[in-house]
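Encoded as structure tokens, the structure appears first; notes follow it.
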Amino acid sequence: MASSKKSSSSKTAQRLEVKKTYKLYINGAFPRSESGRVYEVTNSKNGFVANPSLASRKDLRDAVVAARAAQSGWAKATAYNRGQILYRIAEMLEGRADQFANEIVLASGVTPKKAHDEVLAAIDRWVWYAGWSDKLSAAFGATNPVSGPYYNFTIPEPQGVIAVAPAESFLALIDAIAPAIVSGNSVVALVPGSAAIAAMTFAEVLATSDLPAGVLNILTGSHDELAPWAASHMDIDGFDISGIDKKKRAELKVAGAENLKRIHNFDGAVSPTRIFAFMEAKTVWHPIGV
Amino acid sequence: MSFYGIVDGSESSLKHFLAQLPGVDQVGVDARAAMLATRSIKTSSKRWAIDTAISMVDLTTLEGADTAGKVRALCSKAVRPDPTDSTVPSVGAICVYNDMVAIARTHLDAIGGKHVPVAAVSTAFPSGRASMEVKIQDTQDAIDAGAAEIDMVIDRGAFLSGQYGLVFDEIVKIREVCGDRAHLKVIFETGELVTYDNVRKASYLAMLAGADFIKTSTGKVAPAATPPVVLVMLEAVRDFYQMTQRRIGVKPAGGIRNTKDAIKQLVLVNETAGPEWLTPEYFRIGASALLNDLLMQRMKMDDGYYASPNYVTID
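Chains A and B are the protein sequences, given in the same order. If you use the working numbering, the first sequence corresponds to residues 649 to 938, in order. If you use the working numbering, the second sequence corresponds to residues 4 to 318, in order.
As structure tokens, then:
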């Protein structure tokens, strides 16, 4: 009652805040979790922050189906085109930098300065990885000397569907996604805990970018719940487990052995080897004319 | 001539019979089909449902680009859908174009698939736009080549313009050609019939004319086997059984691509026609991509992790 008296006496009309419903990002759309579950993000300073969707293994399954369907088209796009699309995403990130920073402050309780720095670092990182798209074949490819009348080329090709489980921060998410998609892979990102808040705003950026639906899918929730299913999923070709607790990594590597999945942890490394980690070398023999 | 003592085959008797059929409550059918689609199927039932669905698949290839090699590969898959697991049942039938029947039959017999029948699409499939002589010859060719099941299309143009007698006569004539040698499935192409009332009328028309199965679609027109359409057809076979004591089968075809869709169809059968229809003898699913998804779901249940399309054949 006290607040209603106050509002009626104040000159500006009080309005109800429009709260965001946090959903998942699968195949270019924003579905709720199939399970209907959500979890609570809180922090010690701000208390309750939001209720992101708690993704289930069936959401993971759906995301992998979408990622698989989108992958060949994305890989077929020219390197130049992929770079352009990623750069366009960076333009939109830049425009929303303040929003990302505010959300990071809200969700993780860091200082505004730190949050802003993190966002700018993430954008720079994204642009840096985007620039690699048309340099990969020069950097990682080779013409091999062979004994015979042949040209022998080694060309790096994207692996397919990559799952990434980054640590609980926006920068870690960008660090995991950018090197995986720039080469033509499609990605399913498993975003833990409070990182979901900025991650879903990032999904809004993706949804309005030229990135084809399904190339990047974002699931929010718990690594403990989703990572074992991702590790054993036969249709995931690689898994970046940089954000997984060190003690739990060995178990995931065992689960991923069934389909010879490449499972890597980079522990914060910023390097083109992160791109190449999820590419495979294809070697072509071509006869030299008579 | 009398058909079950219900109609005499004349245009007027058909019109009279079809006119007195109650109309379909469209909203009710949609709601019931949607409600049945939400049934949750738990582990052991799901396992049974997957195997049952596999045994009901009419594994189909109906492309202009079909080759003898593709048909043979499909036949091998029909007999042993998962070469690494002999507990997977064979599919219900192979469904091919007329000229591929002999190739399919020979290959099936050679690889121990005598129990898998070959179904041929007939009567100028998929449009049905040909003279009666051509349609009869088409059917005769398929049966001579070893087809045990004939999937004929009705003349939708005639049906939609109210010439029920014409449609009826065609089915009767093809029935005569089939005789005891082949089962007759009648395809309505429900996507072109537009209303549920028409689907109900076409169902009775085909059943009275001697169809063994009624089939939704050719697979060439969307929408195809939507759950409400299948529900209307299942009601028709159930009521027809009560009228005549003759059990007619139902075959949805087209648009059933994953395990979830297939299980929804089985739920519809069980809840509408009854469990007597839950056998390949009375219920078939016309599909091609569906089989791989069923196999992948089966692998997931056995292995405990999600399967990949890399481990099933491309067809």
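A virtual CB, placed ideally from N, CA and C, is assigned to each residue, including glycine.
Whole-angstrom C-beta distance between residue j and residue i, which should lie under 8 angstroms
i	j	result
B:Ile259	B:Ala290	5 angstroms
B:Val124	B:Ile157	So it is not a contact: roughly 13 angstroms between Cβ atoms.
A:Phe926	A:Asn865	With 8 angstroms as the limit, A:Phe926 and A:Asn865 do not qualify as a contact, their Cβ atoms being about 16 angstroms apart.
B:Val94	B:Val121	So it is not a contact: roughly 12 angstroms between Cβ atoms.
B:Phe286	B:Val272	5 angstroms
B:Ile251	B:Ile217	6 angstroms
A:Val830	A:Arg730	6 angstroms
B:Leu208	B:Leu21	7 angstroms
A:Ala778	A:Ala813	Their Cβ separation, rounded to whole angstroms, is 22 angstroms, which puts A:Ala778 and A:Ala813 out of contact at 8 angstroms.
A:Ala698	A:Val689	5 angstroms
B:Thr256	B:Thr219	A small fix is needed here, since residue 256 of chain B is Ala in this sequence, not Thr. Going by Cβ atoms, the distance from B:Ala256 to B:Thr219 rounds to 6 angstroms, so yes, they are a contact pair.
B:Val232	B:Thr193	5 angstroms
A:Ser809	A:Val836	The question names Ser, but residue 809 of chain A in the sequence shown is Val. That pair is a contact at about 7 angstroms.
B:Tyr100	B:Leu65	6 angstroms
A:Leu867	A:Leu672	6 angstroms
B:Thr221	B:Val180	That pair is no contact at about 20 angstroms.
Chain B contact residues for residue i, given Cβ-Cβ distances below 7 angstroms
i	result
A:Arg685	Per Cβ cutoff of 7 angstroms: no residues; A:Arg685 is ~16 angstroms from chain B at best.
A:Arg709	Tyr309
Local conformation of residue i per DSSP, three classes
i	result
B:Ser125	strand
B:Met155	strand
B:Leu208	helix
B:Val235	helix
A:Glu928	strand
B:Asp144	helix
A:His627	The question about residue 627 of chain A has no answer, for chain A in this structure spans 649 to 938.
A:Ala824	helix
A:Pro806	strand
A:Leu768	helix
A:Asn833	coil
B:Val99	strand
A:Val689	strand
B:Tyr285	coil
A:Pro840	strand
A:Tyr799	strand
A:Gly695	strand
B:Val10	strand
A:Phe887	strand
B:Val240	helix
B:Gln23	coil
A:Ala790	strand
A:Leu867	strand
A:Gly904	helix
B:Tyr314	helix
Residue i at chain A interface by Cβ criterion, 8 angstroms
i	result
B:Pro84	no
B:Val10	no
Minimum Cβ-Cβ distance from residue i to chain B less than 8 angstroms
i	result
A:Trp877	yes
A:Ser651	Per-residue confidence for A:Ser651 stands at a pLDDT of 47, beneath the threshold of 50, marking its modelled position as unreliable; the derived number appears in the next sentence. Chain B, which has no Cβ nearer than 8 angstroms to the Cβ of A:Ser651, makes this no.
A:Ala929	no
Contact list for residue i against chain A, beta-carbon separation under 8 angstroms
i	result
B:Ser311	His881, Met882, Asp883 and Asn907
B:Tyr314	Met882
heavy atom of the ligand MN below 7 angstroms from residue i C-beta
i	result
A:Ile884	As for the ligand MN, it is missing from this structure, which has no ligand bound.
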